[in-house]
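Colleague:
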Amino acid sequence: MRGADYGVHKVADTTVDWKSLREDFPILREQAHGHPLIYFDSAATSQKPRAVIEALRNFYEHENANVHRGLHTLSSRATEAYEKARKRVAEYIGAPSADEIIFTRGTTESINLVAQAWGGKFIREGDVILLTEMEHHSNLVPWQLLAERTGARLRFVPVLDDGTLDLAHLPKLLTQEVKLFAFTHISNSLGTINPVAELCEKAHAVGALALVDAAQSVGHLTLNVGELGCDFMAFSGHKMCGPTGIGALYARKEILDSIPPWHGGGEMIVSVALEKSTFKKAPHRFEAGTPNIAGAIGLAAAIDYLDGIGRAAIFQHDLQLARYACDRLTELPRTRVFGPAEERGALVGFVMDAAHPHDLTTFADQYGLALRGGHHCNQPLMRRFGVSGTTRASFYFYNTKEEIDRMIEILHKAARFFK
Ligand SMILES: *Cc1c(COP(=O)(O)O)cnc(C)c1O
């Protein structure tokens, strides 16, 4: 029940029948307040295609058992499916080996793993972790905690008014004291797509490692950790059509071999005596306890599904929707749109003078339109732009231009309502 079965949507080489893909998502038929649902909150979590829901169901109906420990049939099936999912994730991001993929709960846990296990071993007082002003709290707070524990310092690459990074400042910030440069691939508030390969190369030039937060990119564009040159990559399954509670950390093998475990427990040991234990190699050394087996299998099904459509096509579709939304938002009275004008990910943040983002989002919900209002786990970035929050419309391949037209109509209504 894998792979090609779900790759049937290509109409011609470069044409995808986007409208028919919507039928793969049962939830898109829901109504909210008596209106057809318009789901513009995929940057918070994407919807799930039937292929993923079925993969979860198939696992629980036919394969469910604990992994690695059992010698019975179901345990072998579960172990095989779980390890196959790991290979599938590795392949999807171009990692040379499945041993470089650690299953985690998601982006947040992946970054915390690096901060605690790698940071705990290698970061000393006076070292610098370089971040950017546009980081999600997930790629900020773990480094603050590490800095407090170790006496390391944090530095930030500023963001320009157009929502791109101020790279002219980089040489002053990226100095020999920097041990890690951690940054997002696509900003979840601005839509900015950062030049990952260039940033990784610059990090390496001063002897620093590079960590990429790929939460907003890995389900939306083709990427390859080898070509990007990153040392760590963190992402979540639930923003790329997979289940919640599963994600991954990619890290280069030499790095994983050099760092100690972070959680202790079952599954990660070779032998345990009362006073001391020895640990398995990566990746299992970093996966203590019973893992999210079903989640990993669901994530592999999501990957098959996305590859069936083609990430290059998804990226083009994203770009078109985001551009169209930006253009149409300029028609609204006293509305400020954030982020770069040209290339951007599948989202747009904006502020209407007429209403606070929370009020606007509540108003939109009355018409079945799911937007998100607030700081989007980007409080420092909001401060940088002098706002407490924005309203964000975020898209995926199952959204349409007609839905954006409907959003504009609803926002016009809001402008009149709140006047
Ligand atoms: C969503 C998001 C995260 C956090 O992901 P979780 O799934 O909540 O762990 C981190 N960074 C970015 C850019 C995000 O969009």
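Residues 107 to 525 (the working numbering) make up the sequence shown, in order. We put the beta carbon where it would ideally sit given N, CA and C, even for glycine. These figures come from a predicted structure and were not determined experimentally.
Going by alpha carbons, who is nearest to residue 233 out of 522, 444, 285?
Modeller: Residue numbering aside, residue 233 sits at position 127 when the sequence shown is read from its first letter. Nearest option by C-alpha distance: 285.
Colleague: Can you find a heavy atom of ligand 1 that lies under 7 Å from the Cβ of residue 345?
Modeller: To locate residue 345, count along the sequence shown from 1; it is residue 239. Flag set: Cβ of residue 345 near ligand 1.
Colleague: Within 7 Å: the Cβ of residue 245 and any heavy atom of ligand 1?
Modeller: As a first step, residue 245 must be located in the sequence shown, where it is residue number 139. Residue 245 Cβ: within cutoff of ligand 1.
Colleague: So residue 332 is in the alpha helix (DSSP H); what residue range does that whole segment cover?
Modeller: To locate residue 332, count along the sequence shown from 1; it is residue 226. Segment 331-334, the alpha helix (DSSP H) holding residue 332.
Colleague: Given that a residue counts as buried once 16 or more other Cβ atoms are within 10 Å of its Cβ, and exposed if not, what is residue 119?
Modeller: Translated into the one-based positions of the sequence shown, residue 119 becomes position 13. Its pLDDT being 46, under 50, residue 119 is placed unreliably in this model, and the coordinates cannot settle the point.
Colleague: My guess is that residue 347 and residue 152 are in contact by the Cβ rule of under 8 Å, so how many angstroms apart are they, rounded?
Modeller: One-based indexing of the sequence shown puts residue 347 at position 241. One-based indexing of the sequence shown puts residue 152 at position 46. Correct: roughly 5 Å between the Cβ atoms.
Colleague: With a Cβ-Cβ cutoff of 8 Å, do residue 339 and residue 199 count as a contact?
Modeller: Looking up residue 339 in the sequence shown gives position 233. Looking up residue 199 in the sequence shown gives position 93. Cβ distance < 8 Å, so residue 339 and residue 199 count as in contact.
Colleague: Between residue 361 and residue 249, is the Cβ-Cβ spacing less than 8 Å?
Modeller: As a working note, residue 361 is residue 255 in the sequence shown. As a working note, residue 249 is residue 143 in the sequence shown. Contact flag unset, no.
Colleague: Looking at residue 212 and ligand 1, is the gap between the Cβ and the nearest heavy atom below 7 Å?
Modeller: The sequence position of residue 212 within the sequence shown is 106, counting from 1. Answer for residue 212: yes, Cβ within range of ligand 1.
Colleague: Looking at residue 424 and ligand 1, is the gap between the Cβ and the nearest heavy atom below 7 Å?
Modeller: Translated into positions along the sequence shown, residue 424 becomes position 318. For ligand 1, not one heavy atom lies less than 7 Å from the Cβ of residue 424.
Colleague: Measuring alpha carbon to alpha carbon, tell me which residue in 444, 138, 521 is nearest residue 88.
Modeller: With the chain covering only 107 through 525, there is no way to say anything about residue 88.
Colleague: To the nearest angstrom, how far is the alpha carbon of residue 136 from that of residue 125?
Modeller: In the sequence shown, residue 136 corresponds to position 30, counting from 1. In the sequence shown, residue 125 corresponds to position 19, counting from 1. Taking the straight line joining both Cα atoms gives about 16 Å.
Colleague: Mind checking residue 301: buried by the 16 CB within 10 Å criterion, or exposed?
Modeller: As a first step, residue 301 is located in the sequence shown; it is residue number 195 there, counting from the start. Flag for residue 301 reads exposed.
Colleague: Cβ atoms of residue 470 and residue 501: under 8 Å apart, would you say?
Modeller: By 1-based counting over the sequence shown, the position of residue 501 is 395. By 1-based counting over the sequence shown, the position of residue 470 is 364. No.
Colleague: Just to check, is the beta-carbon of residue 269 closer than 7 Å to a non-hydrogen atom of ligand 1?
Modeller: In the sequence shown, the residue the question calls residue 269 occupies position 163. No, the beta carbon of residue 269 sits no closer than 7 Å to any heavy atom of ligand 1.
Colleague: Determine, for residue 280, whether the minimum Cβ-Cβ distance to residues of chain C falls below 8 Å.
Modeller: The chain inventory of the structure shown lacks chain C, comprising one protein chain alone.
Colleague: Please name the residue in 349, 430, 168 whose C-alpha comes closest to that of residue 185.
Modeller: Translated into the one-based positions of the sequence shown, residue 185 becomes position 79. The residue with the shortest Cα to Cα distance from residue 185 is 168.
Colleague: Shortest alpha-carbon distance to residue 322 belongs to which of 385, 439, 420?
Modeller: The count along the sequence shown starts at 1 and reaches residue 322 at position 216. Considering only alpha carbons, the answer is 420.
Colleague: As an exercise, report each continuous beta strand (DSSP E) stretch of at least 3 residues that is fully enclosed by the region 404-476, in chain order.
Modeller: The region 404-476 contains these whole beta strand (DSSP E) runs: 441-443, 453-458.
Colleague: Which residues does DSSP list as the beta-bridge partners of residue 207?
Modeller: Within the sequence shown, numbered from 1, the residue matching residue 207 stands at position 101. Answer is 356, bridged to residue 207.
Colleague: Can the beta-carbon of residue 487 be found less than 8 Å from the beta-carbon of residue 265?
Modeller: Taking the sequence shown and counting its residues from 1, the one referred to as residue 487 is at position 381. Taking the sequence shown and counting its residues from 1, the one referred to as residue 265 is at position 159. Cβ distance < 8 Å, so residue 487 and residue 265 count as in contact.
Colleague: Along the chain, where does the beta strand (DSSP E) that runs through residue 339 open and close?
Modeller: Position 233 of the sequence shown holds residue 339. Per DSSP, residue 339 belongs to the beta strand (DSSP E) from 338-342.
Colleague: For the candidate residues 371, 484, 492, whose alpha-carbon lies nearest to that of residue 382?
Modeller: The residue given as residue 382 occupies position 276 in the sequence shown. Nearest C-alpha to residue 382: 371.
Colleague: Which same chain residues end up closer than 8 Å to residue 219 when comparing Cβ atoms and leaving out the 5 residues on each side of it in sequence?
Modeller: As a first step, residue 219 is located in the sequence shown; it is residue number 113 there, counting from the start. Cβ within range, chain order: 208, 210, 355, 368, 392.
Colleague: Confirm the yes/no value for this check: CB of residue 494, any heavy atom of ligand 1, distance under 7 Å.
Modeller: For the purposes of this step, residue 494 is identified with residue 388 of the sequence shown, where counting begins at 1. Every heavy atom of ligand 1 is 7 Å or more from the Cβ of residue 494, so no.
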